[in-house]
């Protein structure tokens, strides 16, 4: 099976190459700066090499060249590389000190919107404009896929980025989400989605070997923005954008916790959570990082499994 070959290729290559990348990042002093906003226990992580997402992004692109090179697959790879490229600017900004590159928050959002728009154009040009809904069947959005893709890419990118605050959390949840898209793609015979989902699962499993607590490397915004973008695109190509809240249930919960907490503080002067995103809330309650990741991963796995069970009878993505 081609997708399993993609998984093995990225897993083995990642396990072999991550030590070299970590060493290179350390020599270049590409260490993570830690803000004082999160738990005090995170201060010891300062200086941990970041931008580890570079490798699993590049491995996915190489896998496309070797095993797929379809137009639909190119749209997925574009999302990975464009999201990763934007995240790379963020990481360099963090390493050099905020403001070093002059990239403001609104500019980052504008670039995310541009990536989403280009993804939407790619989906339209490859004929991937339909979404399947229960009770409605396939609905062709035509050019309407552009705003859909833009919103999905922006939302997912920022959601994964918010989740990436504990060793192994974003990567672990992403493995489960992408395993679901892999399973669905195999079921409906969508080779590009299957190959690239599998490649990312393999690369992320290799990354997790070095990102598990205590992490030797962080994915950085390079990895988080790439993963958010690609989850959105894979859902679009499988015609299941409406299932994103289940496929990425932990990402959704992290985002909602920030919205709820910030709104409560600004409007009522109260904290609903001790800190947000919500993983910080549980850390402040005394939950250890490893235990937190396992519990969040269980929720992510349940959401992804439920999404698969819901999608299978609809034949989405075929």
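Residue numbers (our numbering): 1 to 318. All C-beta atoms in this analysis are idealised placements derived from N, C-alpha and C, irrespective of residue type, glycine included. Note that the coordinates shown come from a computational prediction; the quantities given were computed from them, not determined experimentally.
Query, Result
"Candidates 136, 125, 186 and 158, of which the one nearest residue 143 by Cα", "125"
"Residue 277 (DSSP reduced to helix, strand or coil)", "coil"
"Beta-carbon spacing of residue 135, residue 280 below 8 Å", "no"
"Euclidean distance between Cα positions of residue 192 and residue 69", "8 Å"
"Run of the beta strand (DSSP E) containing residue 139, from where it starts to where it stops", "137–140"
"Bounding residues of the beta strand (DSSP E) (the contiguous stretch that carries residue 218)", "First-last for residue 218: undefined, no H or E at that position."
"For residue 311, the three-state DSSP class (helix, strand or coil)", "helix"
"Buried or exposed (CB count within 10 angstroms, at least 16 for buried), residue 173", "buried"
"Host beta strand (DSSP E) of residue 166 (start-end)", "Premise fails: residue 166 is in no beta strand (DSSP E) and is neither H nor E."
"Per-residue burial, residue 20 [other beta carbons within 10 Å of its own, 16 or more giving buried]", "exposed"
"Straight-line gap, residue 352 to residue 216 (C-alpha atoms, nearest Å)", "Summary: the structure shown does not reach residue 352, with the chain confined to residues 1 through 318, and so no result is reported for it."
"Three CB pairs or more closer than 8 Å across the segment 282–297 and the segment 217–237", "no"
"Inter-stretch contact at 8 Å, needing at least 3 Cβ pairs: the segment 236–246 / the segment 261–268", "no"
"Buried or exposed by the 16-neighbour rule on C-beta atoms within 10 Å, applied to residue 100", "With a pLDDT of 48 at residue 100, under the threshold of 50, the modelled position of that residue is not reliable, and the figure given next carries that caveat. Exposed."
"Start-to-end residues for the alpha helix (DSSP H) that takes in residue 191", "191–211"
"From 39, 302, 277 and 112, residue whose alpha carbon lies closest to that of residue 147", "112"
"Identified DSSP bridge partners for residue 131", "139"
"Residue closest to residue 298, alpha-carbon to alpha-carbon, out of 95, 311, 175 and 208", "175"
"Whether residue 296 touches residue 169 by CB criterion (8 Å)", "yes"
"Cβ distance (whole Å) where residue 153 is taken to contact residue 119 below 8 Å", "6 Å"
"C-beta neighbour in chain D for residue 248, strict 8 Å", "Here there is only one protein chain, and chain D is not present."
"Cβ pair count under 8 Å reaching 3, the segment 37–57 against the segment 75–89", "yes"
"Limits of the unbroken alpha helix (DSSP H) element including residue 24", "2–27"
"Contact under 8 Å by Cβ, residue 7 with residue 301", "no"
"Buried or exposed by the 16-neighbour rule on C-beta atoms within 10 Å, applied to residue 235", "buried"
"Pairwise C-alpha distance: residue 275 and residue 260", "11 Å"
"Outcome for residue 139 when other beta-carbon atoms lying within 10 angstroms are tallied against a minimum of 16", "exposed"
"Where the alpha helix (DSSP H) through residue 348 begins and ends", "Here the chain covers residues 1 to 318 and nothing more, so residue 348 does not appear."
"Inter-residue spacing [alpha-carbon to alpha-carbon] between residue 102 and residue 85", "Residue confidence is low: residue 102 scores 48 on pLDDT, short of 50, so the model does not pin down where it sits. Its coordinate-derived value is still stated next. Rounded to whole angstroms, residue 102 to residue 85 spans 16 Å at the Cα level."
"Backbone CA spacing between residue 51 and residue 91 [nearest angstrom]", "7 Å"
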